[in-house]
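A.B. asks: Just passing along the structure, written as structure tokens.
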Amino acid sequence: MEIIDKRKEKRINAFLYFCRHTNERVLFQTKMYKLLFFLDFMNFKEVGKPVTDLEYYAWDKGPVPKKLYNEINKGTAPKEILLSIIPIKDDETGERIGIKCKTNIKPNLKVFSRRELKLLEDLAYIFKDAKSEEIVEITHLKNEPWNKTKRTLGMYKLIDYTLALDNDAKIDRETALEKYKRLLETEAFFGVRDKNP
1 MEIIDKRKEK RINAFLYFCR HTNERVLFQT KMYKLLFFLD FMNFKEVGKP VTDLEYYAWD
61 KGPVPKKLYN EINKGTAPKE ILLSIIPIKD DETGERIGIK CKTNIKPNLK VFSRRELKLL
121 EDLAYIFKDA KSEEIVEITH LKNEPWNKTK RTLGMYKLID YTLALDNDAK IDRETALEKY
181 KRLLETEAFF GVRDKNP
């Protein structure tokens, strides 16, 4: 069961880390999802595996971790995440139209490797004051994973982690594919990967 807990712990603590280390005035769900996307895809590019257990889909405003999005909307996300979101409601209807992220909960940084922690720090520093629109624009750049998925498969399709592998990747395609295949097989064996994210 440790594999389930470790990946879940990394997801929770990455969320908390970004809540505490970026400008809370501009940390809405769209930006949070992009930061998690960058964390996972940049780590995959370096070592052939994502940091969290999230799969990202090509939605209008860029990559979205559909599982986390659904958990937050249904109120089934881990309590640390639910305690770190502030609903944004429409002034006229009172309906929730988004979330803002803010927390006093300290992330457990011990769950991350040194490389993962450095990646978290770098992303939080680079995008500290970036607005959602700016970070969305970056995910939409030509030949990046979101753009490739949109062009080849269409909107709302799963973004393949192997699309992160380019000429700058620190790992070759075959090694990354083998590592990722083993990861998925392990998750399937232990029943970790959701069939319907």
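Quick note on numbering: full-length UniProt numbering labels position 169 of the sequence shown as 169, and the sequence is numbered without any gaps.
Ideal Cβ placement from N, Cα and C applies to all residues, glycine included.
The structure presented is a predicted model; accordingly, all values stated were derived computationally and were not measured.
Who are the Cβ neighbours of residue 195 in its own chain at under 7 Å, not counting the five residues just before and after it?
C.D. replies: Here the model assigns residue 195 a pLDDT of 46, short of 50, so the residue's position is not dependable, and the following value carries that caveat. So no residue of the chain qualifies.
A.B. asks: By alpha-carbon positions, which one of 39, 29 and 175 ends up nearest to residue 112?
C.D. replies: In terms of Cα proximity to residue 112, the closest of 39, 29 and 175 is 39.
A.B. asks: Nearest-angstrom Cα distance between residue 154 and residue 135?
C.D. replies: So the alpha carbons of these two residues sit roughly 21 Å apart.
A.B. asks: How about the region 161 to 169 and the region 66 to 85: do they share at least three Cβ pairs that are nearer than 8 Å?
C.D. replies: no
A.B. asks: Whole-angstrom Cβ separation of residue 102 and residue 88, contact assumed at under 8 Å?
C.D. replies: The pair is not a contact, with the Cβ atoms about 12 Å apart (cut-off 8 Å).
A.B. asks: So, using beta-carbon positions, are residue 53 and residue 11 closer together than 8 Å?
C.D. replies: yes
A.B. asks: Residue 7: which of 99, 30, 107 and 50 sits nearest, CA to CA?
C.D. replies: 50
A.B. asks: Mapping the DSSP letters down to three states, classify residue 171 as helix, strand or coil.
C.D. replies: coil
A.B. asks: Is the Cβ-Cβ distance between residue 41 and residue 145 less than 8 Å?
C.D. replies: yes
A.B. asks: Can you have a look at residue 1 and say buried or exposed, based on whether 16 or more other CB atoms are within 10 angstroms of its CB?
C.D. replies: A caution first: residue 1 carries a pLDDT of 45, below 50, which makes its placement in the model too unreliable to give a value.
A.B. asks: In three-state DSSP terms, what is residue 196?
C.D. replies: Residue confidence for residue 196 is low, a pLDDT of 43 falling below 50, so the modelled location carries little weight and cannot support an answer.
A.B. asks: Measure the beta-carbon distance from residue 158 to residue 57 and round it to whole angstroms, keeping in mind my assumption that it falls under 8 Å.
C.D. replies: 6 Å
A.B. asks: Contact defined as beta carbons within less than 8 Å: I believe residue 67 pairs with residue 80. What is the distance between those atoms, to the nearest angstrom?
C.D. replies: That pair is no contact at about 16 Å.
A.B. asks: Can you give, in chain order, each stretch of the alpha helix (DSSP H) that sits fully within the region 20 to 74 and has at least 4 residues?
C.D. replies: 29 to 47 and 66 to 74
A.B. asks: Since residue 154 sits in a beta bridge, which residues does DSSP pair it with?
C.D. replies: According to DSSP, residue 154 bridges with nothing at all.
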